[in-house]
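Numbering (full-length UniProt numbering), first residue to last: 1 to 191.
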C-alpha cells in the first residue's frame, strides 16, 4: 500500500489544529507495517506552495517514520488544495511499484476552503485508481468541498480538531484497510 497524506499547512490551520493532523498521522502510522515490501507512507504539506516532507520508500521501519513525522513543521500561507493534489498525482506515478496490485490512497486534510479549484485534480487522482479520503479540519469546514474531493460521502470525514471524530476517522481507516478494497493494517491495534 502507498498512502500519501496531504497536510493543510495554511495559515488558517495552525497551532493545536495543525497538531491534531500530526496526532492523526501518528495514530494511522501505528496501524501499518512499514517497510520496503510492506506499506509506504509519504507526506506532502501544502499552503500556497507544496513541500514534500518525505516520499515513499524513505522509511524501512516504523521508528524511522516516527522520526520524520516529528520533524514536520507548519508552513503557513494560502490554501491551494488542487495544486497539492496534482503534485500528489505526480508523486504517486513516480512511486508506482512493480506490483500493480498495490493500493494507493491519498488522505487530503483541508478545511474545504481552497483558493484554487481542487475538483479537476481530485478527478485525475481517482482516474489514476487512487482512493481519496478527506478530513475536514477547523471550525468552519466546507463539507460540500470535502465530499466532492473524496467523491463519496462515506470517504469524507470532518471535525478532525476534536478527539472523538479523530478516533472515528482512525477506526474508519482501519475498517477500510481490512475490507475487500485493500489490506494494509495487518495486526497492529489502534491506540
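Yeah, the Cβ is synthetic: ideal placement off N, Cα and C, and Gly gets one too.
Sequence-distant residues of its chain with Cβ nearer than 7 Å to residue i (five each side left out)
i           : result
residue 138 : 12, 13, 17, 111 and 161
residue 189 : Reliability fails at residue 189, whose pLDDT of 34 lies under 50, so the model's placement of it is uncertain and no value is given.
residue 147 : 153 and 156
C-beta atoms of residue i and residue j nearer than 8 Å
i           : j           : result
residue 151 : residue 130 : no
residue 3   : residue 105 : yes
residue 56  : residue 95  : yes
residue 118 : residue 78  : no
residue 89  : residue 42  : no
residue 47  : residue 86  : no
residue 114 : residue 145 : yes
Cut-off 6 Å between Cβ atoms - residues of its own chain near residue i, not counting five sequence neighbours on either side
i           : result
residue 7   : 21, 45 and 109
residue 157 : 135 and 169
residue 141 : 111, 112 and 158
residue 187 : With a pLDDT of 30 at residue 187, under the threshold of 50, the predicted position of this residue should be treated as unreliable, and no value is reported.
residue 29  : 65
residue 59  : 34 and 65
residue 72  : 53
Beta-carbon separation (whole angstroms), residue i vs residue j, contact threshold 8 Å
i          : j           : result
residue 84 : residue 50  : 5 Å
residue 5  : residue 107 : 5 Å
residue 39 : residue 1   : 4 Å
Chain-order list of residues whose beta-carbon lies under 8 Å from that of residue i (same chain, five-residue window excluded)
i          : result
residue 61 : 34 and 35
residue 19 : none
residue 9  : 18, 45, 46, 47, 51, 74, 75, 76 and 77
**Asked** Does the segment 21-30 come close enough to the segment 115-124 that 3 or more CB-CB pairs lie under 8 Å?
**Response** no
**Message:** So within the segment 50-82, which uninterrupted alpha helix (DSSP H) runs reach at least 4 residues, ignoring any that extend past its ends?
**Reply:** 62-70
**Message:** What ranges does the alpha helix (DSSP H) occupy inside the segment 84-170, keeping only unbroken runs of at least 4 residues that lie completely in it?
**Reply:** 119-127 and 143-150
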